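**Q** Before we start, here is the structure in question, set down as structure tokens.
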Amino acid sequence: MQHENIIFPARKSLVYPLISACEIDCLMFFNMNNIRYLSGFTGSDGVLIVSNNRDVLLVDGRYITQAKLEAADTEIIEYKDKIRGIVEVVKELGLKYIGFEAEAIVVQMYNLLMRELTDKVFVPVGDDLKLLRAYKDEAEIALMKKAAEISSAAVLALKSEIKSGCSERDLALQLETIARKSGAEQLAFETIFASGENSALPHAKPSDRKIKRGDFIVVDFGIKYKGYCSDETCTFGFQELTAEQNNVYQLVKEAHDQAIDMVREGVTAADVDRCARKVFGEKYEKYFSHGTGHGVGLEVHEAPRLSPFSQDTLKAQMVVTVEPGLYFPGRWGIRIEDTVLVKKNSCEKLTKMDKGLIIIE
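Counting in numbering that gives the first Met the number 0, the sequence shown runs from 0 upward without gaps.
Quick look at the structure:
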């Protein structure tokens with residue numbers, strides 16, 4: 000499908016100040032999500048070279064037709080051998096100082112390029128690229144809203160299918176099938192569907208454990224729609240919960256709600272994380288074993304990070320999750336997560352499920 004190519008020159012214009020700031024002649028991209036973001040190309044392999052004079056997308060013969068359709072505003076060059084293709088373009092463009100994505104290139108490829116281009120200077124670019132995709136344009140926001148709509152509706156539809164004796168694995172498969180039938184192109188990440196003592200594992204995999212009375216059921220689910228991810232976690236109670244379970248759920252929800260109330264332009268990511276931890280206090284904070292959230296976009300985990308050590312500051316049109324949780328090993332756990340769009344004075348929830356305690360009878 001042909002993309003709305005008008006947005007890609009605007010996105011590539013974000014790279015040019017980085018080229019100047021890093022005192023390099025170009026930036027060489029290997030991360031396929033960055034390549035998709037900057038050019039529209041959705042293939043699984045390629046190299047994008049962005050310079051002040053020319054932008055070149057290098058692909059092999061499998062993708063030449065696709066690249067010409069999807070990246071219509073970018074010069075496309077076909078290579079037979081990836082290293083030779085890069086070397087030829089670098090020489091043709093007369094590039095000397097070559098910036099590259101430090102986190103996206105493997106050592107073997109780096110060594111091969113160094114061996115072939117001995118007269119060039121390779122400059123690793125890392126932190127300067129971290130926030131490249133953090134600010135979502137209107138086209139991205141629309142796709143993320145649709146992704147959230149599909150995944151939230153799937154979780155809601157599955158809720159009525161959760162019965163005593165159903166296995167985590169079977170219910171996770173049902174959830175994924177519902178989402179696929181509703182327009183999801185693929186999962187954003189491996190579904191977490193965990194009940195009882197398994198819910199105390201933040202990244203539990205669906206197992207053959209059967210749902211039973213008194214369980215918390217943690218469903219962490221996300222899909223991709225036209226490349227963009229959703230991410231949402233609901234924790235349901237099954238049939239009957241103890242007073243302790245009810246109280247702890249309300250505590251997690253309070254941390255979730257207060258943290259979301261903090262999200263707006265200019266607030267530091269670390270302050271949002273501290274807000275959630277303050278609600279838990281000394282008694283419970285030790286049971287909160289991960290950060291409060293992360294950016295979402297073409298990848299389900301992107302910048303910025305909402306954690307105690309984050310140096311990021313929230314800006315309008317960032318999309319982040321807020322997902323505090325408490326996990327009591329061998330007993331049960333609770334996580335409540337929404338994905339939100341940062342605005343100037345507040346935020347907008349993209350995910351749709353009600354986060355009040357839902358008891359499935």
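No residue lacks a Cβ here, since even glycine has one placed at the ideal position from N, Cα and C.
Just so you know, these numbers come straight off a predicted model, no measurement behind them.
Residue range of the alpha helix (DSSP H) that residue 178 falls in?
**A** In the sequence shown, residue 178 corresponds to position 179, counting from 1. 167-180 is the span of the alpha helix (DSSP H), which, as asked, contains residue 178.
**Q** Could you give the distance in angstroms between the alpha-carbon of residue 254 and the alpha-carbon of residue 271?
**A** Here residue 254 corresponds to residue number 255 of the sequence shown, with the count starting at 1. Here residue 271 corresponds to residue number 272 of the sequence shown, with the count starting at 1. Straight through space, the alpha carbons of residue 271 and residue 254 are spaced by roughly 10 Å.
**Q** What are the boundary residues of the beta strand (DSSP E) that includes residue 27?
**A** Indexing the sequence shown from 1 puts residue 27 at position 28. That run of the beta strand (DSSP E) goes 25-28.
**Q** Give the range of the alpha helix (DSSP H) segment to which residue 150 is assigned.
**A** Residue 150 sits at position 151 when you count from the first residue of the sequence shown. First-last of the alpha helix (DSSP H) with residue 150: 137-158.
**Q** Taking only the alpha-carbon atoms, compute the straight-line gap between residue 81 and residue 290 and give it to the nearest angstrom.
**A** Here residue 81 refers to the residue found at position 82 of the sequence shown. Here residue 290 refers to the residue found at position 291 of the sequence shown. Approximately 38 Å between the Cα atoms of the pair.
**Q** Within the chosen definition, does the region 128-145 reach the region 156-172 through at least 3 CB pairs nearer than 8 Å?
**A** no
**Q** Counting along the chain, where does the beta strand (DSSP E) carrying residue 231 start and finish?
**A** One-based indexing of the sequence shown puts residue 231 at position 232. Residues 231-237.
**Q** For the structure I just gave you, are there three or more beta carbon pairs, one from the region 10-23 and one from the region 108-119, closer than 8 Å?
**A** no
**Q** Going by DSSP, which residues form a beta bridge with residue 202?
**A** Within the sequence shown, residue 202 is the residue found at index 203, counting from 1. None, per the DSSP bridge assignment.
**Q** Ordered along the chain, which non-local residues of its own chain (more than five positions away) have a Cβ less than 8 Å from that of residue 300?
**A** Your numbering for residue 300 matches position 301 in the sequence shown. Answer for residue 300: 293 and 294, listed in chain order.
**Q** Looking at the structure shown, is residue 64 part of a helix, part of a strand, or coil, going by DSSP?
**A** As a position in the sequence shown, residue 64 is number 65, starting the count at 1. Helix at residue 64.
**Q** On a Cα-Cα basis, can you pick out the residue from 169, 341 and 320 that is closest to residue 230?
**A** Looking up residue 230 in the sequence shown gives position 231. For residue 230, the nearest C-alpha among the options comes from 320.
**Q** Alpha carbon to alpha carbon, how far is residue 1 from residue 182?
**A** The count along the sequence shown starts at 1 and reaches residue 1 at position 2. The count along the sequence shown starts at 1 and reaches residue 182 at position 183. Residue placement at residue 1 cannot be trusted, given a pLDDT of 42 that sits under 50; what the coordinates show is reported in the next sentence. When rounded, the distance between both Cα atoms is 19 Å.
**Q** Residue range of the beta strand (DSSP E) that residue 346 falls in?
**A** Numbered from 1 along the sequence shown, position 347 holds the residue referred to as residue 346. First-last of the beta strand (DSSP E) with residue 346: 346-348.
**Q** Are three or more beta carbon pairs between the region 240-258 and the region 327-334 nearer than 8 Å?
**A** Contact between the region 240-258 and the region 327-334 is present, because at least three Cβ pairs lie under 8 Å.
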